[in-house]
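Undergrad: Right, I'll just put the structure down here and ask away after.
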Amino acid sequence: MQPDLQVLNQASPYAVSTNKVLRNTYMLLGLTMIPTVIGAIIGMNMNFSFMAQSPIMGAVVMLAVMFGLFWAISKNRDNGLGVVLLLGLTLFMGVMLGPILQVALHLKNGAQLVGLAAGGTGVIFLSLSTYATVTKKDFSFMGNFLFVGLILLIIASLANMFFQVPAASLAISAVAVLIFSGFILFDVSRIVQGGETNYIMATLALYLDIYNLFVNLLQLLMALSGERD
């Protein structure tokens with residue numbers, strides 16, 4: 019029994035560290051929902067006509083702000099400022115939900131669709147994160163596939179901004195739901211396997227997975243079940 023006890027003793031600090039990162043990640047992830055909701059409320063009451071007039075410029079500005087905050091969060095990942103910047107990012111991301119929420123809530127069943135998208139996102143996240151945590155399977159093999167899929171998804175989305183093909187938009191949203199569901203498995207697995215030891219960066223990755231999953235689920239529901247006046 020002695021060798022088994024030695025292995026257990028050696029593994030315990032690793033397990034404790036992993037559990038701590040996972041716990042802190044989920045706590046901070048829950049906290050990020052507060053500024054996201056506040057930002058969404060602000061966004062629903064804003065006028066985004068400037069983005070409608072120049073969608074490409076609007077997308078460029080949005081991406082510039084996002085990547086600037088990503089860089090700042092990464093640079094401050096080991097101190098409290100990183101948490102503040104992350105919460106600031108989630109407030110901004112909440113505001114950027116404004117246009118899609120405005121469109122959704124103009125539908126007769128818009129409120130129900132938003133609720134379904136939020137509930138569906140929660141169910142998918144809880145199911146996949148629980149599976150990755152309980153089974154402790156290593157999903158790192160999905161990394162390259164997901165990265166390539168994400169790049170192709172971005173290219174397709176940019177192309178569709180010019181061509182505006184409804185069927186393509188539907189296909190892009192469907193593929194995005196699959197890709198970001200895969201990213202949830204991948205990112206939770208990285209924490210469980212010890213590949214991500216910083217809870218701020220882990221929270222950022224999971225937040226983006228959840229955010230994009232929600233947006234694309236909502237787009238699918240609006241296209242398939244939206245009731246217009």
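Numbering (our numbering) for the sequence shown: 19 to 247.
Just so it is clear, CB atoms sit at the ideal spot from N, CA and C, and this is done for glycine as well.
Kindly indicate which three-state DSSP category residue 93 falls into: helix, strand or coil?
TA: Walking along the sequence shown from the start, residue 93 turns up at place 75. Here residue 93 sits in helix by DSSP.
Undergrad: I'd like the span of the alpha helix (DSSP H) that includes residue 237, first residue to last.
TA: Here the question's residue 237 lines up with position 219 in the sequence shown. Looking at the DSSP string, the run of the alpha helix (DSSP H) that includes residue 237 is 217–243.
Undergrad: Near residue 147, what residues of its chain come up, given a Cβ to Cβ distance below 7 Å and the 5 sequence neighbours on each side ignored?
TA: In the sequence shown, the residue the question calls residue 147 occupies position 129. Hits under 7 Å: 202, 206.
Undergrad: If we count the other Cβ atoms within 10 Å of its Cβ and call it buried at 16 or more, is residue 215 buried or exposed?
TA: On the sequence shown, residue 215 is found 197 positions in, with the first residue counted as 1. By the 10 Å Cβ count, residue 215 comes out exposed.
Undergrad: Measure the C-alpha to C-alpha separation of residue 109 and residue 218 and round it to an integer number of angstroms.
TA: As a first step, residue 109 is located in the sequence shown; it is residue number 91 there, counting from the start. As a first step, residue 218 is located in the sequence shown; it is residue number 200 there, counting from the start. Computed Cα separation, rounded: 16 Å.
Undergrad: Per DSSP, what kind of secondary structure is residue 41 in: helix, strand or coil?
TA: For the purposes of this step, residue 41 is identified with residue 23 of the sequence shown, where counting begins at 1. Here residue 41 sits in helix by DSSP.
Undergrad: The ligand ZN and residue 176: does any heavy atom of the ligand fall closer than 8 Å to the residue's C-beta?
TA: Of the ligands one can find in the structure shown there are none, so the ligand ZN has no counterpart to examine.
Undergrad: Which residue wins for smallest C-alpha separation from residue 91, given the options 239, 61, 220?
TA: Residue 91 sits at position 73 when you count from the first residue of the sequence shown. Selected option, being the one with the closest Cα: 220.
Undergrad: Quick check on this structure: which residue in 95, 235, 212 has the alpha carbon closest to the alpha carbon of residue 222?
TA: Walking along the sequence shown from the start, residue 222 turns up at place 204. Check the Cα spacing between residue 222 and each of 95, 235, 212: the tightest is with 95.
Undergrad: Using C-beta distances below 8 Å, list every residue in its chain close to residue 43, excluding the 5 sequence neighbours before and after it, in chain order.
TA: Indexing the sequence shown from 1 puts residue 43 at position 25. 209, 217, 220, 221, 224.
Undergrad: Take every Cβ of the segment 166–179, pair it with every Cβ of the segment 119–128, and state whether three or more of those distances are shorter than 8 Å.
TA: no
Undergrad: Tell me which same chain residues have a C-beta within less than 7 Å of the C-beta of residue 150, skipping the five on either side of it?
TA: Position 132 of the sequence shown holds residue 150. Taken in chain order, the residues that qualify are 157, 203, 206, 207, 210.
Undergrad: Closer than 8 Å by C-beta to residue 50: which residues in its own chain qualify, once you throw out the five before and the five after it? Chain order, please.
TA: By one-based count along the sequence shown, residue 50 stands at place 32. Hits under 8 Å: 104, 105, 108, 221, 225.
Undergrad: Relative to the C-alpha of residue 237, which residue among 181, 113, 192 is closest?
TA: Here residue 237 refers to the residue found at position 219 when the sequence shown is read from its first residue. Of the candidates 181, 113, 192, the residue whose Cα lies closest to the Cα of residue 237 is 192.
Undergrad: How far does the alpha helix (DSSP H) with residue 213 in it extend, from its first residue to its last?
TA: Taking the sequence shown and counting its residues from 1, one reaches residue 213 at position 195. Note, residue 213: premise wrong, no alpha helix (DSSP H); not H, not E.
Undergrad: Straight-line CA distance for residue 84 to residue 115?
TA: Within the sequence shown, the letter at position 66 stands for residue 84. Within the sequence shown, the letter at position 97 stands for residue 115. Roughly 14 Å separates the two Cα atoms.
Undergrad: Suppose you measure from the CA of residue 102 to the CA of residue 88; what does that come to, to the nearest Å?
TA: Against the sequence shown, residue 102 aligns to sequence position 84. Against the sequence shown, residue 88 aligns to sequence position 70. Spanning the two alpha carbons is a distance of roughly 12 Å.
Undergrad: Looking at the structure shown, is residue 246 part of a helix, part of a strand, or coil, going by DSSP?
TA: Here residue 246 refers to the residue found at position 228 when the sequence shown is read from its first residue. Residue 246 falls in the coil class under three-state DSSP.
Undergrad: Starting from residue 130, follow the alpha helix (DSSP H) in both directions and report where the run begins and ends.
TA: Sequence index remark: in the sequence shown, residue 130 carries index 112 (1-based). Taken as a continuous stretch (DSSP letters only), the alpha helix (DSSP H) holding residue 130 covers 128–153.
Undergrad: Would you tell me roughly how many angstroms separate the C-alpha atoms of residue 35 and residue 162, rounded to the nearest one?
TA: On the sequence shown, position 17 is the one that residue 35 refers to. On the sequence shown, position 144 is the one that residue 162 refers to. Between residue 35 and residue 162, the C-alpha separation is close to 27 Å.
Undergrad: How far does the alpha helix (DSSP H) with residue 179 in it reach, from first residue to last?
TA: What you label residue 179 is simply residue 161 of the sequence shown in a count that begins at 1. Taken as a continuous stretch (DSSP letters only), the alpha helix (DSSP H) holding residue 179 covers 161–181.
Undergrad: Could you give the first and the last residue of the continuous alpha helix (DSSP H) run that contains residue 110?
TA: Start at 1 with the first residue of the sequence shown, and residue 110 comes out as number 92. That run of the alpha helix (DSSP H) goes 98–113.
Undergrad: So, with DSSP's three-state summary, where would you put residue 35?
TA: Taking the sequence shown and counting its residues from 1, one reaches residue 35 at position 17. DSSP places residue 35 within a helical segment (H, G or I) once states are collapsed to three.
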